[in-house]
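Structure first, commentary second.
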Amino acid sequence: MTLLIIAYLGGALTILSPCILPILPFVFARAGQPFVRSTLPMLAGMALTFAMVATLAAVGGAWAIRANEYGRLAAIVLLGLFGLSLISPRIASALSRPAVDLGNNLLNAAGAHRATASVRSSFVLGIATGLLWAPCAGPILGLILTGAALKGANLQTTILLLAYGAGAATSLAVALFAGGKIFARMKQSLGLSERIRQFAGAAVLAGVAAIALGLDTGLLARLSYASTGSFEQALLNKLPSKSANPGTEVASNNAMKIASDATRPFHSDLPVEGPAPSLDGAVTWLNSQPLTTAGLRGKVVIVDFWTYSCINCIRTIPYVRAWAEKYKDQGLVVIGVHAPEFAFEKNVDNVKQAIADFKINYPVAIDNDYRIWRAFENNYWPALYLIDAKGQVRYQHFGEGNYRQTEQAIQDLLREAGSNMAQSGPVVPDAKGAEASPDLSHIRSGETYVGYKQATGFASPEGVKADTAADYSIADPALNQWGLAGTWTIGPEEATLDKAGGSISYRFSARDLHLVLGPSADGKPIRFQVTVDGKIPGPDHGSDIDAGGNGTVTETKLYQLVRQSGDVTARNFEIHFLDPGVQAYAFTFG
1 MTLLIIAYLG
11 GALTILSPCI
21 LPILPFVFAR
31 AGQPFVRSTL
41 PMLAGMALTF
51 AMVATLAAVG
61 GAWAIRANEY
71 GRLAAIVLLG
81 LFGLSLISPR
91 IASALSRPAV
101 DLGNNLLNAA
111 GAHRATASVR
121 SSFVLGIATG
131 LLWAPCAGPI
141 LGLILTGAAL
151 KGANLQTTIL
161 LLAYGAGAAT
171 SLAVALFAGG
181 KIFARMKQSL
191 GLSERIRQFA
201 GAAVLAGVAA
211 IALGLDTGLL
221 ARLSYASTGS
231 FEQALLNKLP
241 SKSANPGTEV
251 ASNNAMKIAS
261 DATRPFHSDL
271 PVEGPAPSLD
281 GAVTWLNSQP
291 LTTAGLRGKV
301 VIVDFWTYSC
311 INCIRTIPYV
321 RAWAEKYKDQ
331 GLVVIGVHAP
341 EFAFEKNVDN
351 VKQAIADFKI
361 NYPVAIDNDY
371 RIWRAFENNY
381 WPALYLIDAK
391 GQVRYQHFGE
401 GNYRQTEQAI
411 QDLLREAGSN
421 MAQSGPVVPD
431 AKGAEASPDL
441 SHIRSGETYV
451 GYKQATGFAS
461 PEGVKADTAA
471 DYSIADPALN
481 QWGLAGTWTI
491 GPEEATLDKA
501 GGSISYRFSA
511 RDLHLVLGPS
521 ADGKPIRFQV
531 TVDGKIPGPD
541 HGSDIDAGGN
551 GTVTETKLYQ
561 LVRQSGDVTA
571 RNFEIHFLDP
581 GVQAYAFTFG
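Take 1 as the starting number for the sequence shown in full-length UniProt numbering and just add one per residue.
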């Protein structure tokens, strides 16, 4: 129930997001109509359609992608006609002549003849709006969609998405109620009824144009995440922990706790969140024999969920590695639980190579079946859990950062377990390449998947042709848009180059650009060259290429291709492949 309420509140917060702007005209065009017969059916149609489409998008295949594309096209046409009918009664009348009843229902053309719109017409317009609405995927929606992708389609996912859509519909209803009163007063005092209706029609057409051009998932989505992400994260933090003592409060760990009585053993005031879940279920263990929760009693344990091509995970590894080394003699055991995101990350040989590359010496459980993941009820990469010497979860952190507080919690639990270590400052790892901390103040580009299952921002005019070889082209993508050139086959997770000479272009704005790449199916290396703004990168080259932009794909992993050495500005990135067979998965930035 708590997660359902948080999903609802997350949807309600979308009214604060710029990405809601393109659909506002569709909603405000109903201002002045009866709430029960007009506004409510429209908002209900929007929420229901969003829940259904989002569920399919999270777990569906190519057929779901194509069906949604056709639905969006039909909705754009429908709402475009609706906008025209608002601008001109003559246009409305002409559009409704072929089938008066159907035309009136779909276009609300009867607004000039009847006092109220039918429930059916409003519901159909709500369905069209739901097909076009692309809410910004902040932490709450991301949590719901990640769960759907991992656990498959289920009633709980649809209910949570419906609650999210209902929250958005509620906030839109409140805004419409306030706006409707303003419009009514304007009509009464100024006699501007016809002008207001025409203005609403123009706004609807502007909204349709914005959605057709992708502005709702481009610039507006980036602005939205910055403006509401902190609110959504605060809501997620209200989720109840699996605590054996619900009355315990999380105490501040900003400074080392010193026992007031030296004769009494130290006791950390970190809350007890419940017994540690089982570590059973890994397909194999690396760097260690299988470990068990019972066998680790008496030790303080870090359980770190990660996957080797995730840039956020890569940037936390230097800290986890440093903690493992610094505190191993004090009773700390670090366990990495490798839970794959992409299919290639299920290959144990790939994980072994990544462990060697990252110089990871602590035990790693290969959780290809997500059994440990589900036991911890985890939803994030990376995610860190601290278990005390009694086998109880005492601390957890999701995502990057919070390193000082996490290390303080480690020290507290070690001292509670009987360690007499001296107080020390936090680790400061010498992180280089992709492991270096991101330049958060300049990131304007976000993670972008290449496979059609989660792809966004694709700008090649040919459109995505799923699971079939096709020729693509790209000229000048806008900011945070990308495209392919050459002959490619776009699959659910990756795009594969079928002929040598193909390329990928992306206009981005961030200090670092990374791209997850893999060699051909036969394992042959793939040569490539990178250009930035049409020139060799020079001092702006990443750690996996030289100053001339030359590099080779030898294994499936994340490659750092650009690190801007001067001022961070928007740049045009292009990677040209000299050999066929390369597989491209996802862009990330830092």
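No residue lacks a Cβ here, since even glycine has one placed at the ideal position from N, Cα and C.
Supposed close pair residue i, residue j - CB separation, criterion 8 Å
i, j, result
"residue 7", "residue 160", "5 Å"
"residue 599", "residue 553", "Here the chain has residues from 1 to 590 only, and residue 599 is not among them."
"residue 484", "residue 507", "About 14 Å separates the two Cβ atoms, so there is no contact after all."
"residue 399", "residue 380", "6 Å"
"residue 302", "residue 320", "7 Å"
"residue 158", "residue 12", "That pair is no contact at about 19 Å."
"residue 537", "residue 523", "About 27 Å; that fails the 8 Å criterion."
"residue 285", "residue 334", "That belief does not hold up - the Cβ atoms of residue 285 and residue 334 are roughly 13 Å apart, past 8 Å."
"residue 482", "residue 458", "7 Å"
"residue 510", "residue 576", "About 21 Å separates the two Cβ atoms, so there is no contact after all."
"residue 315", "residue 503", "Their Cβ separation, rounded to whole angstroms, is 28 Å, which puts residue 315 and residue 503 out of contact at 8 Å."
Classification of residue i by the beta-carbon crowding that lies within 10 angstroms, buried from 16 upward
i, result
"residue 461", "exposed"
"residue 505", "buried"
"residue 392", "buried"
"residue 440", "exposed"
"residue 155", "exposed"
"residue 407", "buried"
"residue 564", "buried"
"residue 430", "exposed"
"residue 5", "exposed"
"residue 573", "buried"
"residue 336", "buried"
"residue 356", "exposed"
"residue 258", "For residue 258, the pLDDT reaches just 34, beneath the cut-off of 50, and the residue's location in the model is therefore unreliable, although a value from the coordinates is still provided. With fewer than 16 other Cβ atoms within 10 Å, it is exposed."
"residue 475", "exposed"
"residue 39", "buried"
"residue 280", "exposed"
Start and end residues, beta strand (DSSP E) containing residue i
i, result
"residue 557", "557-563"
"residue 302", "300-306"
"residue 284", "284-286"
"residue 267", "Unbroken run through residue 267: none, as it is neither H nor E."
"residue 387", "383-387"
"residue 486", "482-490"
"residue 513", "512-518"
"residue 430", "Element bounds for residue 430: n/a, residue is neither H nor E."
"residue 531", "526-532"
"residue 335", "332-338"
"residue 568", "Unbroken run through residue 568: none, as it is neither H nor E."
"residue 395", "393-398"
"residue 507", "503-508"
Limits of the alpha helix (DSSP H) - the one that residue i falls within
i, result
"residue 412", "403-416"
"residue 574", "No alpha helix (DSSP H) contains residue 574, which is instead part of the beta strand (DSSP E) from 571-577."
"residue 319", "311-327"
"residue 368", "Premise fails: residue 368 is in no alpha helix (DSSP H) and is neither H nor E."
"residue 354", "348-357"
Sequence-distant residues of its chain with Cβ nearer than 6 Å to residue i (five each side left out)
i, result
"residue 527", "552, 578 and 579"
"residue 261", "With a pLDDT of 44 at residue 261, under the threshold of 50, the modelled position of that residue is not reliable, and no figure is offered here."
"residue 453", "492"
"residue 352", "none"
"residue 415", "266"
"residue 123", "41 and 45"
CB contact below 8 Å: residue i versus chain D
i, result
"residue 159", "In the structure shown, chain D cannot be found, because there is only a single protein chain."
Pick from the options that is closest to residue i, judged by C-alpha positions
i, options, result
"residue 494", "323, 346 and 451", "451"
"residue 50", "164, 488, 121 and 9", "164"
"residue 561", "545, 491 and 567", "545"
"residue 539", "568, 520 and 9", "568"
"residue 423", "412, 377, 366 and 430", "412"
"residue 468", "448, 497, 481 and 446", "497"
"residue 42", "10, 390 and 119", "119"
"residue 470", "288, 486 and 298", "486"
"residue 521", "529, 472, 174 and 584", "584"
"residue 276", "162, 387 and 428", "387"
"residue 367", "308, 586 and 525", "308"
"residue 419", "47, 331, 385 and 37", "331"
Sequence-distant residues of its chain with Cβ nearer than 7 Å to residue i (five each side left out)
i, result
"residue 311", "434, 514, 558, 588 and 590"
"residue 344", "350, 518 and 556"
"residue 248", "Because the pLDDT at residue 248 is just 29, under 50, the model does not fix this residue reliably, and the value given afterwards should be weighed accordingly. Here the set comprises 271 and 272."
"residue 378", "305"
"residue 173", "39 and 43"
"residue 348", "284 and 366"
Residues of its chain near residue i, where Cβ-Cβ distance is below 8 Å and the 5 sequence neighbours each way are ignored
i, result
"residue 425", "none"
"residue 100", "With a pLDDT of 39 at residue 100, under the threshold of 50, the modelled position of this residue cannot be trusted; read the value that follows with caution. Cβ neighbours of residue 100 beyond the five flanking positions: none."
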